[in-house]
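Here is the structure we will look at.
Numbering (the numbering used here), first residue to last: 250 to 483.
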């Protein structure tokens, strides 16, 4: 017990990451908090991010109604948006943006199984580095483990979703109408790749939102395990 008290007092007094790392390493495995607890706490934090935030993105307007992740036209098509609005076709531009977001909402439904497997793979060594990292360290870890797999899952779903929700026809109509305007440069972007990357960005953004809440707000640590683990990085 005396060793545990000394360790926690030292944890509060030390400032450098290297010293803090040493304290965490010295916490007894059979005591109040060991490496397995730290890993379990981080898994739980990521699970909460997936459960509370990512699932919101799969709902209607999950992307479209969320200013943090709403997908806008790609840069090369911003002029399309402005020109269409200038000539009274704002509703067509709005429909085009809405369909991009609908496709992303459809694709994110494929994400959860990939995330679950990645979260299970967090090792003790990973956990300590994540805990002592930035406010989005767990999210960054998850992104590194899942980005390629998610892209490969999202891309065909978004391509099919464009057809299913009519986005392919709306965008074809939108771009064709724009390309008929005199003296404009013709555009033909790869919207599937663009929306896939924007959907991935949105997913990690929302997981990071939940992670930051848990790291910075004690009230967001809704389990005893989260309270014990994240007290180490306060």
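For each residue, glycine too, the CB sits at the ideal point set by N, CA and C.
Here's the rule: buried if 16 or more other CB atoms are within 10 angstroms of the residue's CB, otherwise exposed. What is residue 291? As a working mapping, residue 291 is identified with position 42 in the chain shown. Buried: at least 16 other Cβ atoms inside 10 Å.
Status (buried if at least 16 other CB within 10 Å, exposed otherwise) for residue 447: Walking along the chain shown from the start, residue 447 turns up at place 198. The residue is buried, with at least 16 neighbouring Cβ atoms inside 10 Å.
Length at least 4, wholly inside the region 360 to 386: the alpha helix (DSSP H) runs in chain order: 360 to 369, 373 to 380
If you draw a straight line from the alpha carbon of residue 336 to that of residue 422, how long is it in whole angstroms? The residue you call residue 336 lines up with position 87 of the chain shown. The residue you call residue 422 lines up with position 173 of the chain shown. When rounded, the distance between both Cα atoms is 15 Å.
Rounded C-alpha distance that separates residue 344 from residue 390: As a position in the chain shown, residue 344 is number 95, starting the count at 1. As a position in the chain shown, residue 390 is number 141, starting the count at 1. Computed Cα separation, rounded: 35 Å.
Leaving out the 5 sequence neighbours to the left and right, which residues in its chain are closer than 8 Å to residue 347 when beta-carbon positions are compared? Stepping through the chain shown from its first residue, residue 347 is reached at position 98. Cβ neighbours of residue 347 beyond the five flanking positions: 313.
Measure the CB-CB distance between residue 306 and residue 357 and report whether it falls below 8 Å. Counting from 1 along the chain shown, the entry for residue 306 is found at position 57. Counting from 1 along the chain shown, the entry for residue 357 is found at position 108. Yes, the pair counts as a contact, with Cβ atoms nearer than the cut-off.
Counting pairs of beta carbons, one from the region 284 to 304 and one from the region 369 to 389, are three or more of them closer than 8 Å? yes
Please classify residue 470: does DSSP put it in a helix, a strand, or coil? Within the chain shown, residue 470 is the residue found at index 221, counting from 1. Reduced to three states, the DSSP call for residue 470 is coil.
Going by Cα to Cα distance, which pick from 284, 466, 453 is closest to residue 496? This structure leaves residue 496 out entirely; the chain is present only between 250 and 483.
Which whole-angstrom value is the C-beta distance of residue 424 and residue 297, which I expect to be below 8 Å? Your numbering for residue 424 matches position 175 in the chain shown. Your numbering for residue 297 matches position 48 in the chain shown. That pair is no contact at about 41 Å.
Measure the CB-CB distance between residue 410 and residue 352 and report whether it falls below 8 Å. Translated into the one-based positions of the chain shown, residue 410 becomes position 161. Translated into the one-based positions of the chain shown, residue 352 becomes position 103. Yes.
May I ask you to report which of helix, strand or coil DSSP gives residue 348? Along the chain shown, one-based indexing puts residue 348 at 99. Helix.
CB-CB length for residue 363 against residue 399, believed under 8 Å: For the purposes of this step, residue 363 is taken as residue 114 along the chain shown, with counting starting at 1. For the purposes of this step, residue 399 is taken as residue 150 along the chain shown, with counting starting at 1. Rounded, the Cβ-Cβ distance is 6 Å, consistent with contact.
Kindly indicate the opening and closing residues of the alpha helix (DSSP H) around residue 495. Residue 495 falls outside the range modelled here, since the chain spans only 250 to 483, and no answer is possible.
Nearest by alpha-carbon distance to residue 442: which of 386, 323, 419 is it? As a first step, residue 442 is located in the chain shown; it is residue number 193 there, counting from the start. The residue with the shortest Cα to Cα distance from residue 442 is 323.
Where does the unbroken alpha helix (DSSP H) through residue 455 begin, and where does it stop? As a working mapping, residue 455 is identified with position 206 in the chain shown. Where residue 455 is concerned, the enclosing alpha helix (DSSP H) stretches over 440 to 465.
Using three-state DSSP, classify residue 298 as helix, strand or coil. Translated into the one-based positions of the chain shown, residue 298 becomes position 49. Looking at residue 298 - three-state DSSP - the assignment turns out to be helix.
Which word fits residue 439, buried or exposed, when buried means at least 16 other C-beta atoms lie within 10 angstroms of its C-beta? On the chain shown, position 190 is the one that residue 439 refers to. Result: exposed.
Report the three-state DSSP secondary structure of residue 482 (helix, strand or coil). Here residue 482 is taken as the residue at index 233 of the chain shown, counted from 1. Residue 482: coil per DSSP, three-state reduction.
If you run the structure through DSSP and keep just helix, strand and coil, what is residue 315? Counting from 1 along the chain shown, the entry for residue 315 is found at position 66. If DSSP states are grouped into helix, strand and coil, residue 315 belongs with coil.
Just confirm the distance between the C-beta atoms of residue 370 and residue 394, as a whole number of angstroms; I'd bet it's less than 8 Å. Residue mapping note: residue 370 aligns to position 121 of the chain shown, counting from 1. Residue mapping note: residue 394 aligns to position 145 of the chain shown, counting from 1. Confirmed, Cβ separation roughly 7 Å.
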